[in-house]
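These notes are about the structure you will find just below.
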Amino acid sequence: MKCNTPLKALIFLLPAILLFSSCQADSDGPDETNMPEEGYTISEEAITKNDPLVNNILKITTINGSRDDVLDSLSQAKVIFPVKVSMNGQTFTVENRKGLKIAEIVAEYSIEDDDKVFFDYPIDMRFNDFSVKTIENEEQLVTVKEEYKNKPDYNAVSGATVIYPVSFAFFNTISRERGMILVRNNRDMMNLLTNMLQSDVLEIEYPISIRSEFEDKTISIIDNDQLTSEIKLISDQYQVRLIAEPVGTVNVCHVGANGRTERIVEISTLAAHLRHGDIIGGCL
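Numbering (mature numbering (1 follows the signal peptide of the UniProt record, and there is no 0)), first residue to last: -25 to -1, 1 to 259.
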């Protein structure tokens, strides 16, 4: 037996994906037993390489590296927290979204006019190909950013979790190979969708489930139209969250002629309250 479809060759190398398919026999002509039955038609739910739904699925299943661009200026990767940074004369630890908001405020409103970020190395970064790299110094960070900056970021958003496994029916319009693919995690999903050929056709075996962080519930999806709508809703909710001010406070230490004084400032008003001599994080 001989299987020539590159997508299938990739899948066979992935232990987390199982593929059961018919392949063309070694002969001078096509193996009629492996051809689709007479009258076979591709379902309306089928997706091909250039289908918008492919990119939509990648949007919620690949790593979102854009949220921390204020730190690494690289949408194809995210820094693994916690990480200690120095910028515009301030040194503080970023542990979560609250810390990222503080970093954005410091970058935009600080008295100093220098947005360069200095990390306390080493740091770890997770890339949207799901690899993790330890960055030892500034020179290595520059090299990694050059390597990844032109790779796709899929406009990834946070806030949705696909409940695995997810099954796909597979068909190749040239080889006539057919089968079933079982995807077990986000990495496998990315490998499957980004390695499709123009002649590959996939069909999701519905229903599938998606967990929405924004609505705090699991949503049952029954077709492509609903999946497209839910992904759009999640993307819109993600954008609203980016705009919304985080709730919380931060300790700010002021170093002046009379010594140090500490005050608590709402993050939403931090930009208006930063003064020369302030240290975010409080007095040590």
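Note that the Cβ used here is the ideal one computed from N, Cα and C, for glycine as well.
Cβ-based burial, Glu152 [other Cβ within 10 Å; buried from 16]: buried
Under 8 Å, with one C-beta from each stretch per pair, do the segment 100 to 113 and the segment 179 to 190 reach the 3-pair mark? no
Determine contact between the segment 238 to 248 and the segment 56 to 69, defined as no fewer than three beta-carbon pairs at a distance below 8 Å. no
Across which residues does DSSP place Cys228 in a beta bridge pair? Glu237 and Ile254
Is the CB-CB distance between Glu20 and Asp198 below 8 Å? yes
Same chain, Cβ closer than 7 Å to Gln212, neighbours up to 5 away in sequence not counted: Gly134 and Phe189
If Ser48 sits next to Lys108, beta carbons under 8 Å apart, how far is it from one beta carbon to the other, in whole angstroms? About 16 Å; that fails the 8 Å criterion.
Short check: CB of Ile35 to CB of Ile206, under 8 Å? yes
For Arg186: DSSP bridge partner residues: Thr136 and Thr193
Identify, in the order they occur along the chain, each residue of the same chain with its Cβ nearer than 6 Å to the Cβ of Arg250, setting aside the five sequence neighbours on each side. none
Roughly how far, in whole angstroms, is the beta-carbon of Asn39 from the beta-carbon of Ala144, given that I think they are within contact range, below 8 Å? That belief does not hold up - the Cβ atoms of Asn39 and Ala144 are roughly 29 Å apart, past 8 Å.
Quick one: residues in its chain with C-beta nearer than 8 Å to the C-beta of Glu237, no 5 flanking neighbours on either side, listed in chain order? Asn226, Val227, Cys228, His229, Gly257 and Cys258
Does the beta carbon of Thr23 come closer than 8 Å to any beta carbon on chain C? Here there is only one protein chain, and chain C is not present.
Spatial distance of Thr136 from Asp99 (CA atoms): 23 Å
Glu190: beta carbon under 7 Å from a heavy atom of the ligand ADP? The ligand content of the structure shown is nil, which means the ligand ADP is not present either.
Give the DSSP-derived three-state secondary structure of Thr244 in the structure shown. helix
Secondary structure at Arg153, three-state DSSP: helix, strand or coil? strand
Cα-Cα, which of Pro140, Phe146 and Val60 is closest to Glu113? Val60
Under 8 Å between C-beta atoms of Tyr129 and Leu33: yes
Could you tell me the distance, in whole angstroms, from the CA atom of Ala232 to the CA atom of Ile255? 18 Å
With 16 other Cβ atoms within 10 Å as the buried cut-off, status of Thr(-21): Because the pLDDT of Thr(-21) is 48, which lies under 50, any placement of that residue in the model is unreliable, and the number read from its coordinates should be weighed accordingly. Label assigned to Thr(-21): buried.
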